[in-house]
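Beneath this line is the structure, given in structure tokens, with notes to follow.
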Ligand code: PNS
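Numbering (the working numbering), first residue to last: 12 to 173.
This is the structure:
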């Protein structure tokens, strides 16, 4: 069983994340989407909501499951007996941060494999923070997120409701 972990804060999950997860699911037997507590980032949505939105958004992918995790990613990878961690790379601006994280994880565990998948060109610019900002300012986020996430954001920012 070749298992991969796609980790992130998913605050909230976007169509860009879903694209990367679907591409990963086509390459591995099983994909675990690891939703990090990420308390330091003070997420907009509580952990349970981020997990529930990811589960609903990914329900069409039979070999994908969503689990919350706290603590180190290297420990979660061991616990889940995953072969690799897969992350999406958008523009070159992601590279430095991802390179640093991959290097640190590799230092902590030499068996830790970080794989990167290029986001589809239509999602190169997309981030959860941008989606949150657009929603908070009343913009239309339909093209960026699945319907359940749109509804959750509109509930948080009622001005965005159309
Ligand atoms: O979607 P994000 O916020 O860019 O995801 C970052 C995440 C959750 C993958 C990263 O912060 C992480 O791995 N957190 C777990 C804690 C950890 O292992 N930190 C050391 C790695 S540098």
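Ideal placement from N, C-alpha and C gives every residue a C-beta, glycine not left out.
In this text the structure is predicted, and so the values were computed from the model without any measurement.
* Near ligand 1: residue 52 beta-carbon under 7 Å from a heavy atom -> Yes.
* Is the beta carbon of residue 115 within less than 7 Å of some heavy atom of ligand 2? -> You won't find ligand 2 in this model; what it holds is ligand 1.
* Asked: Since residue 158 is in the alpha helix (DSSP H), which residue starts that stretch and which ends it?
  -> 158-167
* Separation of residue 31 from residue 171, as counted between CA atoms -> Caution is warranted here: a pLDDT of 45 is assigned to residue 171, below 50, making its placement in the model unreliable, and no coordinate value can be reported.
* Asked: Is it buried or exposed for residue 173, if we count other Cβ within 10 angstroms and need 16 for buried?
  -> Confidence at residue 173 is low in this model, with a pLDDT of 49, below 50, so its placement is unreliable and the value that follows should be read with caution. So residue 173 counts as exposed.
* **Among 105, 118, 107 and 128, the one whose alpha carbon lies nearest that of residue 96** => 128
* When every heavy atom of ligand 1 is checked, does at least one fall within less than 7 Å of the C-beta of residue 126? -> no
* In whole angstroms, what separates the C-alpha of residue 92 from that of residue 125? -> Pairing residue 92 with residue 125, the inter-Cα distance amounts to about 14 Å.
* In chain order, which continuous runs of the alpha helix (DSSP H) of length 4 or greater are located wholly inside the region 68-103? -> 84-90
* Asked: Residue ranges of each alpha helix (DSSP H) run of no fewer than 4 residues wholly in the region 12-42, ordered along the chain?
  -> 26-36
* Asked: Just checking, does the region 95-109 make contact with the region 51-69 on the three C-beta pairs under 8 Å criterion?
  -> no
* Asked: Taking buried to mean at least 16 other C-beta atoms within 10 Å of its own C-beta, is residue 161 buried or exposed?
  -> buried
* So the beta strand (DSSP E) residue 135 belongs to, where does it begin and stop? -> No beta strand (DSSP E) contains residue 135, which DSSP labels as neither H nor E.
* Asked: Can you tell which of 156, 146 and 155 has its C-alpha closest to the C-alpha of residue 165?
  -> When only C-alpha atoms are compared, the closest one is 146.
* Report all residues from its chain with a CB closer than 7 Å to the CB of residue 68; omit the five preceding and five following residues, and keep chain order. => 24, 29, 157, 159 and 160
* Asked: Should residue 154 be labelled buried (16 or more other beta-carbon atoms within 10 Å of its own) or exposed?
  -> exposed
* Cα separation between residue 49 and residue 35? -> 23 Å
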